[in-house]
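See structure below.
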Amino acid sequence: MPRFSLSLLLLLSLFAPVPSSRLPSCYEVRAAFQLQQVGRARLVPEVPLEESDLQICDNKASTCCTHKMEESYQAAVKRELAHNIQALNFELKYMIDAHISAFQGTFTYLIEKAANQTLSLFDSSYQPLAQEVQEPVRELFTDISLNILGEDMPVEGAVSRFFDALFPLVYNHLLSPTRAPLSEDYLECLRLTRQDINPFGPSFQGMVTELSKSLWASRMMKQSLNMAIHTINSTEHAGMTRECTRALVRMQYCPHCQGLTLIRPCVGYCLNVMRGCLASLADLDAPWRDFISLLENIAGQMSGSHDLELALLGIRDMVRESIEYALTQGRNLTSMVEKVCGQLHEEISHKQPREVTFQNDEDVDETKHPSPAHVRSSLPLKSSKNERPRSLKSISREFIMYMKLSKAFYAVLAERLCDGDLSVRDGSTCWNGEDVVESYTKNVMSNDMKAQVNNPEVKVRGRNVVISQVIDQLRHFIKVVSL
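Take a look at the structure:
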């Protein structure tokens, strides 16, 4: 070959295209950064950097991350963990809220029904008292509803005020043979002497006892439901430690720096990180289990010896028994009253007592006795719908069934967070915080705080102040209710 031809071939070979691999790019990292709404895309470099100022994600070689990106990653993991905890809490909170509404609706229905039944008693059997007794009945059932709501409204005081107001009416319309109107002073004397004279016999104390037991159980159930919501809400605002935030970034986003946007953490690695982050929440496990046991006890009492429905609907019969007892003691009561309050002067001498009509319960049509508007509107609970709501027994049984399922809620919180898409469970390669591996080889720590001191992924320095306060509140509540 001529020397000229050889030189020409050599020259052409220098400028000929040479096959090569694709140039390194951070395109996939940028796409993930935008898709997961971590931050602005311009923070991600176009190509991997040989040198960077990273503080969390160690770069053994070139990296697609910067310190500014790490700051965005830290904000992202805080949002994501808070959102994931809220998502797990949502089902439990929704169930509790639904049962709060169910209990409230049934309480309202029972109180209104009991009030209407009591008023119908006077319409059917003690007509002369029907108009004047409406206000005392209204006050009695308003006090009962306030007691259920947790107000400082002792049952004995409410029942006592009702009978104090009832006695002057019974004496004036049913026991006294005179039609002369009683003076305010005489009526006040009757009110003040009711407890000493005891005109209504043992029914008063029986009514106090039955209502006290039943209202206590219902009030404690309502307070327990509110305590459950408070506990759950508090866990959502506990905050994360700096060590937890950095560990979450290493687990979820540091592989992105190496272009590994699809790799997922090893399950053991995820458990260590999550258990370290949630170490204080795991401390809630024991008091939460005790709290669920307390709820079971209260629900059992509501369905058994402390049945509010029976107690409320039994008020009508106890009021009737009280009045009938007073009627059987007519002469003795009149004598005692006159000794204390003085003799009555008849306006028209020797008038007969007003007629009292007694009617069987079966003959009373409660639908013909609508509750007075001022009676209904004064009750602080919402008006119930026309249809009968579910019974307290049914609501209690269903509620406890759901709550039993949540007994281990805080013990398995880390497992539930690591379940699904967050970590790998099928034996595939996974991220261990440093590299892609076949399996995670470090020890997986248990939930309790003592074990978490040795957590290889997260430094657990102590208990969260907010969670510690919630635990103290929960234990105090259990202690007070259990007394």
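Residue numbers -20 to -1, 1 to 463, in mature numbering (1 follows the signal peptide of the UniProt record, and there is no 0), belong to the letters of the sequence shown in order. All residues carry an ideal CB built from backbone N, CA and C; glycine is no exception.
Look at the Cβ atom of Ser376, then the Cβ atom of Leu292, and state whether they are nearer than 9 angstroms.
For Ser376 and Leu292, no; Cβs fall outside 9 angstroms.
Report all residues from its chain with a CB closer than 6 angstroms to the CB of Thr347; omit the five preceding and five following residues, and keep chain order.
Residue placement at Thr347 is poorly supported in this model, since its pLDDT is 40, which falls under 50; the coordinates are not used for a value here.
Per DSSP, Cys410 is paired with what?
Cys410 is bridged to Val417.
Do Val392 and Gly256 have their CB atoms nearer than 9 angstroms?
For Val392 and Gly256, no; Cβs fall outside 9 angstroms.
Quick check on the burial criterion: 16 or more other C-beta atoms within 10 angstroms. Buried or exposed for Ala(-5)?
Caution is warranted here: a pLDDT of 38 is assigned to Ala(-5), below 50, making its placement in the model unreliable, and the coordinate value is therefore given only provisionally. That one is exposed.
Taking the alpha-carbon positions, what's the Asn340 to Val135 distance?
Reliability of the predicted coordinates at Asn340 is poor, the pLDDT of 46 falling under 50, and no value is obtained from them.
Using a threshold of 8 angstroms, is the CB atom of Val135 nearer than that to any non-hydrogen atom of the ligand ZN?
In the structure on display, the ligand ZN does not appear, and there are no ligands present to speak of.
Could you pull out every residue in the same chain whose Cβ sits closer than 6 angstroms to the Cβ of Val24, ignoring the five residues on either side in sequence?
If we look at Val24 and ignore the five residues flanking it on each side, its Cβ neighbours are Cys6, Val9, Arg10, Phe13.
Could you give the distance in angstroms between the alpha-carbon of Asn213 and the alpha-carbon of Glu71?
When rounded, the distance between both Cα atoms is 13 angstroms.
DSSP state of Thr43, grouped into three classes?
Thr43: strand per DSSP, three-state reduction.
Using 8 angstroms for Cβ pairs, my map puts Ala94 next to Ile295. What's the rounded Cβ distance?
About 5 angstroms; that satisfies the 8 angstroms criterion.
Helix, strand or coil: how does DSSP classify Cys37 here?
Residue state, collapsed to three classes: coil.
Are Leu412 and Tyr249 close, meaning C-beta to C-beta below 9 angstroms?
For clarity, residue 412 is Asn in the given sequence; the question names Leu instead. Going by C-beta atoms, Asn412 is nearer than 9 angstroms to Tyr249.
Run through DSSP, which three-state label would Leu(-10) get?
Any reading at Leu(-10) needs caution, since the residue's pLDDT is 35, under 50, leaving its predicted position unreliable; the model's value is listed next. Here Leu(-10) sits in helix by DSSP.
Less than 9 angstroms between the C-beta atoms of Cys237 and Leu454, yes or no?
Not closer than 9 angstroms, so no.
Exposed or buried, which one is Ser357 when buried takes at least 16 other CB atoms within 10 Å?
Low confidence applies here, because Ser357 scores a pLDDT of 36, under 50, leaving its location unreliable; read the following figure in that light. It counts as exposed.
For Leu29, which three-state DSSP category applies?
Strand.
Should Leu397 and Asn64 be called a contact, given that it needs their Cβ atoms to be closer than 9 angstroms?
Closer than 9 angstroms, so yes.
Please look up how many angstroms separate the CB atoms of Val139 and Leu109, rounded, as I've assumed it's under 8 angstroms.
That belief does not hold up - the Cβ atoms of Val139 and Leu109 are roughly 18 angstroms apart, past 8 angstroms.
Let me make sure I understand the geometry here. Which of Gly239, Ala67, Glu112, Met200 has the alpha-carbon closest to that of Pro28?
Ranking Gly239, Ala67, Glu112, Met200 by Cα distance to Pro28 puts Gly239 first.
What three-state label does DSSP hand Val446 in the structure shown?
Three-state result, Val446: helix.
Inspect the beta-carbon positions of Gln432 and Ala262 and report whether they are closer than 9 angstroms.
Yes; because the gap between Cβ atoms is below 9 angstroms, this pair is in contact.
Any contact between the stretch 161 to 170 and the stretch 94 to 106? By contact I mean 3 or more CB pairs, one from each, below 8 angstroms.
The answer is no - the stretch 94 to 106 does not touch the stretch 161 to 170, with fewer than three Cβ pairs under 8 angstroms.
Can you tell me whether DSSP reads Cys224 as helix, strand or coil?
Cys224: helix per DSSP, three-state reduction.
Where Phe180 and Ser156 are concerned, what is the direct C-alpha to C-alpha distance, given to the nearest angstrom?
Taking the straight line joining both Cα atoms gives about 16 angstroms.
Taking the alpha helix (DSSP H) that Lys387 falls in, what are its first and last residues?
From DSSP, Lys387 is part of no alpha helix (DSSP H); its letter is neither H nor E.
Which of the three DSSP states is assigned to Pro245 in this structure?
Strand at Pro245.
Quick check: the Cα distance between Gly284 and Asn277, rounded to an integer number of angstroms?
So the alpha carbons of these two residues sit roughly 10 angstroms apart.
Look at the alpha carbon of Ser419 and the alpha carbon of Arg244, and state the distance between them as a whole number of angstroms.
Taking the straight line from one Cα to the other gives about 12 angstroms.
Classify Asp287 as buried or exposed, calling it buried when 16 or more other Cβ atoms lie within 10 Å of its own Cβ.
By the neighbour-count rule (16 or more Cβ atoms within 10 Å), Asp287 is buried.
What residue from Lys319, Tyr382, Glu395 has the CA that sits closest to Ala78's CA?
Taking only the C-alpha atoms, the option nearest Ala78 is Tyr382.
Tell me whether Phe180 sits in a helix, a strand or coil according to DSSP, three-state version.
Note: Phe180 maps to coil in three-state DSSP.
Assess contact between the stretch 168 to 183 and the stretch 119 to 131, defined as three or more Cβ pairs (one per stretch) separated by less than 8 angstroms. Is contact present?
No contact exists between the stretch 168 to 183 and the stretch 119 to 131.
Distance, Cα to Cα, Val355 vs Thr88?
The pLDDT assigned to Val355 is 35, lower than 50, so where the model puts this residue is not dependable, and the model offers no usable value.
Once you ignore the five residues that flank Val417 on each side, which residues in its own chain have a CB closer than 6 angstroms to its CB?
Cβ within range, chain order: n/a, list empty.
What does the Cβ neighbour count give for Asn312, buried or exposed, with the cut at 16 atoms within 10 Å?
It is exposed - the Cβ of Asn312 has fewer than 16 other Cβ atoms within 10 Å.
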